[in-house]
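Here is the structure we will look at, set down as structure tokens.
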Amino acid sequence: MKELEPKRIGIIADSHGNREATAEAIRLLKGRGADLLVHLGDFCDSLRRDRTAAMIDLLRENGVLVVKGNNDFLVEKMLADERRPPDVEGVKMLAFLRDAPVVRAQGDIRFAHSLPFDTLRAFYEPIDTGNTRRAEALFNETDFRILFCGHSHLPILFRKSGGRVTREAIPAERPMTLERTGRYIFVVGAVTGGECALYDKEAGTYERLRIGKGDNRGMDQLLVQSSSGPAHRPAH
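Mapping to the working numbering: the sequence shown position 225 is 217, numbers consecutive.
Have a look at this one:
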């Protein structure tokens, strides 16, 4: 897949070593016409290191662009700090993890695990804490139009329009049209919870998509809660 001027971007986040769910999301997004796939980090899991090689192979085979999450950083450090030199497979994994950027930019769009900065803090600090304070600060500090991020596992939208920032639940399987003058932060949601998304640049739409291979259930109930209160999925 090519990074140059994609029309439809398929977005995945927070696999935590779940190859089956990630593969299903890739199939769904390709079937929906995605010509670029981006993983927003935590494709690895520091407690499931045995799944790292299979996950990286899957991402490579499908041309998925990645950004580094906190778990990916921890696995990278573990591999680098091992006393015995890594085998050939270990060398490949370590190279992939080291090469993964913390943030990617495409015009006025940013892709990051959480904050769109090239710092260690960026993939540890969640944007969604159940209110709009961090999103408001981020909009004030930056000039991106759209940020796609993960880390927090509940799909949530922060929208800045008319000088006001709102935190909104995202209905599933229903494309939403973005305002040309609006600014957005999309917390995509974890593929381990059955989440992925499709952004259509030409149509100017974002769609939350659901798969059936996630580890967690009850996400839609959490979304109902989030629209009326501060409930949010903790980051990992």
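Ideal placement from N, C-alpha and C gives every residue a C-beta, glycine not left out.
Quick check: what's the CA-CA separation for SER144 versus ALA127?
Reading the sequence shown from its first residue, position 152 is the one you call residue 144. Reading the sequence shown from its first residue, position 135 is the one you call residue 127. Each residue's Cα considered, the two are about 13 Å apart.
Does the contact criterion of 3 or more C-beta pairs under 8 Å hold for the segment 2 to 20 versus the segment 115 to 130?
no
Can you have a look at LYS196 and say buried or exposed, based on whether 16 or more other CB atoms are within 10 angstroms of its CB?
On the sequence shown, residue 196 is found 204 positions in, with the first residue counted as 1. Going by the sequence as given, residue 196 is Gly instead of Lys. With fewer than 16 other Cβ atoms within 10 Å, it is exposed.
Out of curiosity, what's the CA-to-CA distance linking ALA72 and ARG166?
Start at 1 with the first residue of the sequence shown, and residue 72 comes out as number 80. Start at 1 with the first residue of the sequence shown, and residue 166 comes out as number 174. Between ALA72 and ARG166, the C-alpha separation is close to 43 Å.
Determine the direct distance from the alpha carbon of VAL180 to that of ARG200, and round the result to whole angstroms.
For this step, residue 200 is matched to residue 208 along the sequence shown. For this step, residue 180 is matched to residue 188 along the sequence shown. C-alpha separation (whole angstroms): 8 Å.
Quick one, are the C-beta atoms of ARG159 and PHE150 less than 7 Å apart?
Your numbering for residue 159 matches position 167 in the sequence shown. Your numbering for residue 150 matches position 158 in the sequence shown. Cβ distance < 7 Å, so ARG159 and PHE150 count as in contact.
If we require 4 or more residues per run, which alpha helix (DSSP H) segments fall completely within the segment 18 to 94?
44 to 53, 62 to 73 and 80 to 91
Would you decide whether LYS(-1) is buried or exposed? Buried here means 16 or more other CB atoms lie within 10 Å of its CB.
Counting from 1 along the sequence shown, the entry for residue -1 is found at position 7. So LYS(-1) ends up on the exposed side.
Cutoff 6 Å; reference GLN213; Cβ partners in own chain excluding five residues on either side
Looking up residue 213 in the sequence shown gives position 221. Bear in mind that a pLDDT of 40 at GLN213, under 50, signals an unreliable position, so the model cannot answer this.
Residue range of the alpha helix (DSSP H) that ALA127 falls in?
Here the question's residue 127 lines up with position 135 in the sequence shown. ALA127 -> alpha helix (DSSP H) spans 125 to 133.
Among LEU32, ARG43 and LYS69, the one whose alpha carbon lies nearest that of VAL230
This structure gives no information on residue 230, because the portion of the chain shown stretches from -7 to 228.
Bridge partner(s) assigned by DSSP for PHE103
Position 111 of the sequence shown, counting from 1, holds the residue named residue 103. Paired residues: ARG96 and PHE140.
According to DSSP, is SER218 helix, strand or coil?
Mapped onto the sequence shown, residue 218 falls at position 226. Confidence is the limiting factor: at SER218 the pLDDT is only 43, short of 50, which leaves the residue's position unreliable, though a coordinate-based value still follows. In the structure shown, SER218 sits in a helix (DSSP, three-state: H, G or I).
From LEU28 to ALA189, what does the alpha carbon distance come to, in whole angstroms?
Along the sequence shown, one-based indexing puts residue 28 at 36. Along the sequence shown, one-based indexing puts residue 189 at 197. Rounded to whole angstroms, LEU28 to ALA189 spans 12 Å at the Cα level.
What residue range does the beta strand (DSSP E) around VAL179 cover?
Taking the sequence shown and counting its residues from 1, one reaches residue 179 at position 187. VAL179 -> beta strand (DSSP E) spans 175 to 179.
So is LYS69 buried or exposed if we call it buried at 16+ other beta carbons inside 10 Å?
Counting from one through the sequence shown, the residue named residue 69 turns up at place 77. It counts as exposed.
Mapping the DSSP letters down to three states, classify LEU112 as helix, strand or coil.
Working through the sequence shown from its first residue, we reach residue 112 at position 120. Helix at LEU112.
Between the CA atoms of VAL83 and ARG137 - distance to the nearest angstrom:
Taking the sequence shown and counting its residues from 1, one reaches residue 137 at position 145. Taking the sequence shown and counting its residues from 1, one reaches residue 83 at position 91. Their backbone Cα atoms lie some 37 Å apart in a straight line.
Who are the near neighbours of TYR198 in its chain, counting only those whose CB is closer than 6 Å to its CB and skipping five residues on each side?
For the purposes of this step, residue 198 is taken as the residue at position 206 of the sequence shown. Once the five neighbours on either side are set aside, the close Cβ partners of TYR198 are MET168 and TYR191.
Spatial distance of MET85 from VAL30 (CA atoms):
Residue numbering aside, residue 85 sits at position 93 when the sequence shown is read from its first letter. Residue numbering aside, residue 30 sits at position 38 when the sequence shown is read from its first letter. Cα-Cα distance, rounded: 18 Å.
Beta carbon of LYS152 nearer than 7 Å to that of PHE178:
On the sequence shown, residue 152 is found 160 positions in, with the first residue counted as 1. On the sequence shown, residue 178 is found 186 positions in, with the first residue counted as 1. Against a cut-off of 7 Å, the Cβ pair of PHE178 and LYS152 comes out as no contact.
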